[in-house]
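Counting in this note's numbering, the sequence shown runs from 2 upward without gaps.
Glycine included, every Cβ here is placed at the ideal spot set by N, Cα and C.
The structure appears right after this line, and notes come after that.
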Amino acid sequence: MTSSFNVHDAAGYEQLMGRWSQKLAPLFIDFAGLANGEKILDIGCGTGSLTFALARTADLGEIAAIDYSPVFVEEAIRRNTDPRINIRQADACALPFEDGTFDRALALLVLHFVPEAGKAVAEMRRVVQPGGVVAAAVWDHLGGMPGMRMMVDTVAALSEGGRQLRGRYCFQPMMQSGEMKRTFVEQGLVDVTETQLMIRMDYQSFDDYWAPIAAGEGPLGKYMTTLDAAERARTDAAVRDAYEAGRPDGPRSFANVAWACRGIVP
2 MTSSFNVHDA AGYEQLMGRW SQKLAPLFID FAGLANGEKI LDIGCGTGSL
52 TFALARTADL GEIAAIDYSP VFVEEAIRRN TDPRINIRQA DACALPFEDG
102 TFDRALALLV LHFVPEAGKA VAEMRRVVQP GGVVAAAVWD HLGGMPGMRM
152 MVDTVAALSE GGRQLRGRYC FQPMMQSGEM KRTFVEQGLV DVTETQLMIR
202 MDYQSFDDYW APIAAGEGPL GKYMTTLDAA ERARTDAAVR DAYEAGRPDG
252 PRSFANVAWA CRGIVP
């Protein structure tokens with residue numbers, strides 16, 4: 002099962018999203034819970050934001066981390082110095098682990114890029130022992146990411162392709178209020194709780210915000226790669242104008258909200 006996330010370069014991903022997932026990871030861990038000695042599975046580990054935060058948070062027995070992207074897996078392995086952590090390429094919808102292997106299975110900023118997100122939740126439940134925890138968090142693209150909505154609303158005003166991008170981006174799986182909770186319940190998890198987690202994304206300049214998207218990283222970057230030179234120049238100028246908002250270029254700060262859901266394996 003492929004991922005719909007577009008990645009070319011680990012460094013570009015870090016500038017686009019990795020630095021923000023590092024800020025979100027501690028909030029997610031607090032919500033999901035953690036105890037010394039546990040075996041944890043990190044699904045969709047990316048470059049290791051949650052994986053390495055888990056290792057710092059508790060004296061865990063083992064951390065298994067998987068991602069569909071070989072670019073991410075290679076970079077996470079390169080960064081890893083902890084013998085408790087094992088990182089491999091795998092599919093969230095066909096996890097290569099026996100039933101009941103883990104105490105918790107966590108997925109940070111992943112499920113909205115899995116075409117069959119419900120199947121991924123079912124797999125998370127399968128590999129967690131009874132009484133264990135399944136937890137996930139995804140960005141609220143529709144109502145909780147004003148910095149990214151700034152870009153998609155701008156391109157939607159420029160072209161039909163931009164409007165189509167906005168429709169896809171704002172309504173990816175698991176992003177609507179109650180959607181993850183319903184999916185968790187449908188997959189047989191109990192005591193399911195949904196909440197919101199918030200961080201701020203602080204940019205030093207328009208280039209700090211725009212460079213990874215312009216380079217083709219992520220779903221918004223993928224859209225940029227479809228434009229011809231004239232359309233790119235028009236889009237660059239329009240998004241810069243939206244970012245600057247009539248003021249000189251410089252730092253900008255955006256509040257960003259993620260939906261988080263947690264359930265227990267019966």
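* Asked: What is the DSSP secondary structure of L146, counted as helix, strand or coil?
  -> The identity of residue 146 in the sequence shown is Met, whereas the question assumes Leu. In this structure, M146 counts as coil in the three-state DSSP scheme.
* Separation of L228 from Q23, as counted between CA atoms -> 31 angstroms
* Asked: Is it a yes or a no for the stretch 259 to 267 touching the stretch 179 to 197, going by three-plus beta-carbon pairs under 8 angstroms?
  -> yes
* To do: Report the three-state DSSP secondary structure of R85 (helix, strand or coil).
  => coil
* To do: Would you mind stating whether G47 and L112 have Cβ atoms separated by less than 9 angstroms?
  => no
* Distance, Cα to Cα, K120 vs A95? -> 9 angstroms
* To do: Measure the C-alpha to C-alpha separation of A246 and A238 and round it to an integer number of angstroms.
  => 12 angstroms
* **Buried or exposed by the 16-neighbour rule on C-beta atoms within 10 Å, applied to Q173** => buried
* A256 to S178, Cα distance in whole Å? -> 18 angstroms
* Nearest-angstrom Cα separation, counted from R201 out to M146 -> 10 angstroms
* Asked: Alpha carbon to alpha carbon, what distance is there between S70 and V8?
  -> Residue placement at V8 is poorly supported in this model, since its pLDDT is 49, which falls under 50; the coordinates still yield a value, given next. Looking at the two C-alpha atoms, the distance is approximately 8 angstroms.
* Asked: Among A137, P131 and G133, which has the Cα closest to the Cα of V115?
  -> A137
* 3 or more residues per run - each beta strand (DSSP E) lying fully within the stretch 5 to 82 -> 40 to 44 and 63 to 68
* Look at A65 and I41 and say whether their C-beta atoms are less than 9 angstroms apart. => yes
* Mind checking which residues open and close the beta strand (DSSP E) that includes Q130? => V129 to W140
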